[in-house]
Structure formats: structure tokens, C-alpha cells
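Asks:
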Amino acid sequence: MRVYQFAKQMKVSPKYIVEVCEKIGIKGKTFVSGLKDNEISAIKDYIKKSKLSGKPIVSTGTETVGEIASKLGIPATDIIKQLSDIGVTAVINDRIGPDNIKKLCESIGVVVEFKKTKESYLLGGVVEEEKDLVPRAPVVTVMGHVDHGKTTILDYIRKSNVAAREYGQITQKIGAYRVNLKEGSIVFIDTPGHEIFTAMRARGAKVTDIVVLVVAADEGVKMQTVEAIDHCKAAGVPIIVAINKIDKPNANPDVVKKQLSEHGIIPEEWGGQNVFLNVSGVTGANIKELLEIILLMGEMMELKANPKRPGEGVVLEAFLHKQKGPVINLLVQNGTVNTGDFFVCGTAWGKVRAMFDENGNKLEKAGPSTPVELLGSNSVATPGDLFRVVASEADARKIAEQKIEELKQSGIKEQKVLTLEDLQRQIVQGTLKELKIILKTDSIGSQEAIKASIEKISQSSSEKNGPTVNLIHCGLGAISESDILLAVCSQSVIFGYNIGIDAKAEKLAKQHGIEIKIYRLVYDLIEDVKNALEGMTKPKEVEVMVGQALVKQVFKIGKNQSVAGCLVVDGKAVRDAKVKIVRDGKFVFEGFLTSLKRFKNSVREVATNTECGIGIEGFNDFQQGDIIQIYQRVTEGVQT
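Add 555 to the 1-based position in the sequence shown for the numbering used here, that's all there is to it.
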């Protein structure tokens, strides 16, 4: 019996069964793993001992450890120990937040429902409650080398799951389509290449939940396969491997598995976490099982949306049609879009005039995980733009105009280039622990030599507790637009050896502020990497901002003395630290934080999301809305 089948039998989530396996020493299980009889017995015993009443508890997400213990009917000491087991350190009066409450309840097999009463959305003003969230269809992108059968697999899926009459009528290319199965629905993104996938991420749009990586069983891993893997890793998207063309006489799936394992994609039977399936887009072998695995993974990921709220989505494609005018191919991700709704989409706005599915059927409304062709925009949108329904035409117009003005202002200023020095600074501030590099070379030989040298330098730095190098992607040939987009998403610099830069890529790099360094000598490239890491680790004392506090109230405590009632919004506030006061974007005072109190008690430090009273030597002119920046001197690792 597989994990997901056993979970269904026990009426719990596959995710919970996997977590129980880890707790009782059954290692390496995923939701598709098989379970032996003795393992099933051990899991049942654990669940029987640990599981409480099947009745869910209701939480606001703000309870203390003691309050949660009371709701669960478990001693607080046991809850504190259980929290420690899942990596959370807390005492009885600590508030652990909704995420940790959820983890805690999952770890002991209890369902938790969250009740939110005052949270609203940025646009639409709708109050969302847990009961409004419903499962949504997973969104899947199929990637792989151009000749490895992606289209054949997608065509087989469509033919098998769409009525013959409808399949023949499919003329709408809306960038995605929905497959309805007995067990649930799946949305497949039908856009070419991983470049589109990463371009949308570069614009801040997360579209894909799961990637199906197609590799031909008779050809194995190719350059585009490796690029797709690196883009998926940068996005943090789970990968299902479909070894295609298994019907070919020279098919060798074991060779494919070995090749993929060299790139960190390891099959479950080899101790990895990736699901591998041998399939054929021609005969349909294991395509049904592939769809079942996608649905199971979607269930494991607990994909949910609220169809009751105003619609939100992302633009997959957009163009100007001679008869229809501006057309938006939209994937609705949350909420519901209705005919007649006003919307904003980047710099475009409008009123939904009509919507159609991929079969050309007219829709009056479209809910979560629904791809549509939408008419009614005042101009052509941009792929990757976020789409949101708003309350009125005036709101739509105003938001779009603000966006246009922002773009004008950003166009005046040259985009700041992300340099090695910037990355060094981030490492010093504790926000970055590694130097991310995309490496492009003229040949496999030079690439292997450079990789080996960089890995040696990185290992040496790591042994000294210094930063490391993460080679995000290695490829051959000129630097392309795809490389730039990957650099944007992964915050990398690009190193090239004996290669050129595509003209479009160079323009895109300037737009996004990506540093490209081209070398003619391997020695120079290696020295730059070495010097960068050594510079990061060479001690130097500098002044860095460690926190920010927002002034919410001002209290007069004497004739000429004021105290600011603050909320620490970032980092921490520290007594005796240097401070700068920012008002309306300008510095108005520099001094020292001489008084820091929680209630009536003087304290040394105050953490994020905590209220406190702040007094500053020589300054009494606090105003509500002031930002107090807190600075400390630290040892930096940047060489100047």
C-alpha cells in the first residue's frame, strides 16, 4: 500500500503520514512510497497514541502557548516539548503565530481552523475566513528539451480528457487549458520554454505549482533539460520527471535517472525526493498515473483559494486583435472574475466585456485556477502582469495611472546594477550567505576547469566559516535573455568566459540592473571570485542599520521632554545605539537612543513587532509617522 492510499484509509493527509514516518524512524518516505505491513502497524500505533479528538480546534492565530494547550487539553509542558521537536522555542506566555500553531497541530494529528475577523485584502476589501478557502486545481508547466515530446504528451492528455467534438473545435490559444478528471482538475500552462516561466517570476508573478520535466528515454539529458532544472530550482517548484518515449526500442530510463541524479534530481527508489514515471505520449503508457500523481502532489501542497473574493490572476499572453481589440489571456488564481467587473492589470484597466474558455465557450464568471480569454481592456497588457478586480471604474483608472507615473519616474533613473559589492554588503548584513553566479563558457573543457576551481575556493571559504559560491547555472555559448531573467530571479551575477552577449540580453541586463563580467583569461575570473570571497571575510568595522521603529504616538513627560510610543517594524531597537530620524523621506536628526522601555520597565533590546517607548538624547520634536532607524557598529566582511 502506498502512503497516499493509507492516508485516505486513515482519513488524514498524506503529508501527516510522511511526518509520522519521520518521527518514528521510517526515513525517506514520500506520498507515493510503498508501506510494509510492519510500518503500517507502527504508524497506526503512533496515531492511536498521539491523536486527540477528531473534532477540530478553532484558533485566531494569536493564542499563547498556554491558551493553545488549554484548547488541546494537553499540559503546557508537553506542548512546549512538542514545539521544540518541530524547531520552535517558546515558553508558556509566548504567542507562536498561525504558522507554528498549524505545524504544532499537524504534528499531533489535530485539525485546526483559523478564524480571521478583521483582515482584508489590498484590493476589494473582502474579509477572508478559513471556511471560505476551498481546494483549487494545481497549475502545471511541462518543460524539457525541444524534441523530447512535451507537445506529444500534452496532446495525448487533451485528446484523452476532452470530448472528441470539443477537441476538434479547440482553436483558442489562451496560454493554458483545464483538464477535468474524475478525481479532480489540472491546469496545464501551454507556453513554450522555461524562459516564459522565469520571465513571469522576474515580474513577480508566481504561476506554476508543479513542473513536469520531460526527458526522452532514448536521448537522455540535454542542455535545455539542465536549463529547465536550474530554473525550477531557482523558483523552488517541485519537479515530477516523465521519462518519455519509453516505447522506443533503444529506450534506457536507467541512464536518464543516472544523468538527472548528477543534477540533483534523484528518484525516490534511490533515496531521493523526486517522482519518476516512464511514459509514452504516443501509446499513452502511464499518462493516467502521471495525472494521478499531479493531483496527489496538489493535495499534499494544500492548494486553496477563496472563490468569494474579487478575482485576481496573472496575464499569460496579451495581444491586439483586429476585431476584438486588446485581448488578455488570463489565469484566474484567486477569487472570481465576473462579466461586468472593473479591473486593473499593470498599466491597463477596463471592464470585463466578455470571457471565453479554450473551447471558445462564453463564460459569465471564472473562479480559481481557470484560464480564460478576456476582452474589455483599454490597452494591451504585458505577460506576467498581475490582474485584479476593483470596486469601480474610477479606482481602476486611478491605480493604472499611478502605475504609469511610477514607470515614468523609474525610467528617469538608471537601474542600479547588482554588483559583487552589493552582494558582499548583503552578506555582511546577514541577509545573504552565498555568492550566486551564472557561468557561461565557450566549451565543456573550460567550464569544467572553472567549476572545479570555484568549488575549491568555495570549500576553502566554507571551512573558515566564510561565505560560499552557489553556481546557479552553467551553460555554453553567448549570454542570452534567459540567463538575464534567471539572474533577476535568483539575485545572481553573470560570469562569461570567451563568449559574447546577445544584443537583446545586454539591453535586458541594463533594464534589470544585472552585472555581467566577461573574461578572456581563466586566471582573471578565478581571482575575481577568490578576491570577492576574501573581501567578504576580511574584518572591518562599519555602521549598519539593525532596526527601524515607527512612531505611533508622542507623549510629553515634562516641559521640554518627549517620548515616542513606537512599534519596531524591522529588526530590533537597542538602547545606547546610534539613531537617525526619517520624516517624509528625509533625515531630520541624528543622535543616540538613551531610553528604551517596555511598559514601565527599562530594557536593553526590543524585537520586531513589539511596542516600546523610545527617548532620544537632545531630541523632543517627535511626530506621528516618523521612522527611527537604529544603527550599530559591526564587523564587516567587505574589503575596500
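Beta carbons are placed, not taken as given, at the ideal position from N, Cα and C, and that holds for glycine.
According to the neighbour-count rule (16 or more other Cβ atoms, all chains shown, within 10 Å of its Cβ), is Ile959 buried or exposed?
Replies: Within the sequence shown, residue 959 is the residue found at index 404, counting from 1. The residue is exposed, with fewer than 16 neighbouring Cβ atoms inside 10 Å.
Asks: Do Pro923 and Glu872 have their CB atoms nearer than 9 Å?
Replies: Here residue 923 corresponds to residue number 368 of the sequence shown, with the count starting at 1. Here residue 872 corresponds to residue number 317 of the sequence shown, with the count starting at 1. No.
Asks: Quick check on DSSP: helix, strand or coil for Gln560?
Replies: Indexing the sequence shown from 1 puts residue 560 at position 5. DSSP, read as helix, strand or coil, puts Gln560 in helix.
Asks: Name the one or two DSSP bridge partners that Phe586 has.
Replies: What you label residue 586 is simply residue 31 of the sequence shown in a count that begins at 1. Beta-bridge pairing links Phe586 to no other residue.
Asks: For Gly628 and Pro881, what's the separation of their Cα atoms in angstroms?
Replies: By one-based count along the sequence shown, residue 628 stands at place 73. By one-based count along the sequence shown, residue 881 stands at place 326. The alpha-carbon atoms of Gly628 and Pro881 are separated by roughly 59 Å.
Asks: Would Lys636 be called buried (16 or more neighbouring beta carbons within 10 Å of its own) or exposed?
Replies: Taking the sequence shown and counting its residues from 1, one reaches residue 636 at position 81. It counts as exposed.
Asks: Please state whether DSSP places Ile1182 in a helix, a strand or coil.
Replies: For the purposes of this step, residue 1182 is taken as the residue at position 627 of the sequence shown. Looking at Ile1182 - three-state DSSP - the assignment turns out to be strand.
Asks: Determine the DSSP secondary structure at Pro881, reduced to helix, strand or coil.
Replies: Here residue 881 refers to the residue found at position 326 of the sequence shown. If DSSP states are grouped into helix, strand and coil, Pro881 belongs with the strands.
Asks: Using DSSP's beta-bridge definition, name the partner residues of Phe1177.
Replies: Looking up residue 1177 in the sequence shown gives position 622. Phe1177 pairs with nothing; no bridge assigned.
Asks: Is Ala946 a contact residue of the ligand GDP, with contact defined as CB to any heavy atom under 8 Å?
Replies: Absent from the structure shown: the ligand GDP. Ligands present: none.
Asks: Measure the CB-CB distance between Ile1073 and Ile1056 and report whether it falls below 9 Å.
Replies: Translated into positions along the sequence shown, residue 1073 becomes position 518. Translated into positions along the sequence shown, residue 1056 becomes position 501. Yes, these two residues count as a Cβ contact at 9 Å.
Asks: What are the partner residues of Lys995, as DSSP defines its beta bridges?
Replies: Looking up residue 995 in the sequence shown gives position 440. Per DSSP, the beta-bridge partners of Lys995 are Gly1030, Gly1051.
Asks: Return helix, strand or coil for His700, following the three-state DSSP convention.
Replies: Sequence index remark: in the sequence shown, residue 700 carries index 145 (1-based). Correct three-state label for His700: coil.
Asks: Does Ile999 pass the burial test, meaning 16 or more other C-beta atoms within 10 Å, or should it be called exposed?
Replies: Working through the sequence shown from its first residue, we reach residue 999 at position 444. Around the beta carbon of Ile999, fewer than 16 other beta carbons lie within 10 angstroms, which makes this residue exposed.
Asks: Using a Cβ-Cβ cutoff of less than 6 Å, which residues in the same chain neighbour Glu1160 once the five nearest sequence positions on both sides are dropped?
Replies: Counted from its first residue, the sequence shown places residue 1160 at position 605. Cβ within range, chain order: Lys1127, Val1129.
Asks: When you compare each of Gly1173, Ala903, Tyr601, Tyr732 to Phe911 by their alpha carbons, which one comes out closest?
Replies: For the purposes of this step, residue 911 is identified with residue 356 of the sequence shown, where counting begins at 1. For the residues Gly1173, Ala903, Tyr601, Tyr732, the minimum Cα distance to Phe911 belongs to Tyr732.
Asks: According to DSSP, simplified to helix, strand and coil, what is Val694?
Replies: Locating residue 694 in the sequence shown gives position 139, counting from the first residue. Looking at Val694 - three-state DSSP - the assignment turns out to be strand.
Asks: Could you pull the start and end residues of the beta strand (DSSP E) that Gln1116 belongs to?
Replies: Indexing the sequence shown from 1 puts residue 1116 at position 561. That run of the beta strand (DSSP E) goes 1116-1129.
Asks: For Arg650, name the three-state secondary structure that DSSP assigns.
Replies: In the sequence shown, the residue the question calls residue 650 occupies position 95. Strand, per DSSP.
Asks: By the 10 Å Cβ neighbour count, where 16 or more other Cβ atoms means buried, how is Glu969 classified, buried or exposed?
Replies: In the sequence shown, residue 969 corresponds to position 414, counting from 1. Summary for Glu969: the model assigns pLDDT 39, below 50, so the residue's position carries little reliability; its value from the coordinates is reported in the next sentence. So Glu969 ends up on the exposed side.
Asks: For Lys906, name the three-state secondary structure that DSSP assigns.
Replies: Taking the sequence shown and counting its residues from 1, one reaches residue 906 at position 351. Lys906 falls in the strand class under three-state DSSP.
Asks: Leaving out five residues on either side along the sequence, give the residues of the same chain with a beta carbon under 6 Å from the beta carbon of Cys900.
Replies: Taking the first residue of the sequence shown as position 1, residue 900 is located at position 345. Short of 6 Å from the beta carbon of Cys900, and not among the five residues preceding or following it, lie these beta carbons of its own chain, in chain order: Ala936, Asp940, Phe942.
Asks: Does the count of Cβ pairs from the region 824-841 and the region 648-657 closer than 8 Å reach three?
Replies: no
Asks: Go ahead and pull the three-state DSSP assignment for Arg1159.
Replies: Start at 1 with the first residue of the sequence shown, and residue 1159 comes out as number 604. In the structure shown, Arg1159 sits in coil (DSSP, three-state: anything other than H, G, I, E or B).
Asks: Which of the three DSSP states, helix, strand or coil, is assigned to Leu846?
Replies: As a working mapping, residue 846 is identified with position 291 in the sequence shown. DSSP places Leu846 in helix when its eight states are reduced to three.
Asks: For Ser1015, which of helix, strand or coil comes out of DSSP?
Replies: Position 460 of the sequence shown holds residue 1015. Three-state result, Ser1015: helix.
Asks: Can you look up Ala797 in the DSSP assignment and give me helix, strand or coil?
Replies: Taking the first residue of the sequence shown as 1, we reach residue 797 at position 242. Correct three-state label for Ala797: strand.
Asks: Can Ile741 and Ile849 be called in contact, C-beta distance under 9 Å?
Replies: The sequence position of residue 741 within the sequence shown is 186, counting from 1. The sequence position of residue 849 within the sequence shown is 294, counting from 1. For Ile741 and Ile849, yes; Cβs fall inside 9 Å.
Asks: Select from Ser835, Cys787, Asp785 the residue whose C-alpha is nearest the C-alpha of Asp773.
Replies: Position 218 of the sequence shown holds residue 773. Selected option, being the one with the closest Cα: Ser835.
Asks: Using C-beta distances below 8 Å, list every residue in its chain close to Thr1149, excluding the 5 sequence neighbours before and after it, in chain order.
Replies: In the sequence shown, the residue the question calls residue 1149 occupies position 594. These residues qualify, in order along the chain: Arg1130, Asp1131, Gly1170, Ile1171, Glu1172.
Asks: Compute the Euclidean distance between the alpha carbons of Val762 and Thr696, then round it to the nearest angstrom.
Replies: Counted from its first residue, the sequence shown places residue 762 at position 207. Counted from its first residue, the sequence shown places residue 696 at position 141. Val762 and Thr696: Cα-Cα distance of roughly 9 Å.
Asks: Output the distance between the C-alpha atoms of Lys705 and Lys843, rounded to the nearest integer angstrom.
Replies: Position 150 of the sequence shown, counted from the start, is the residue given in the question as residue 705. Position 288 of the sequence shown, counted from the start, is the residue given in the question as residue 843. C-alpha separation (whole angstroms): 16 Å.
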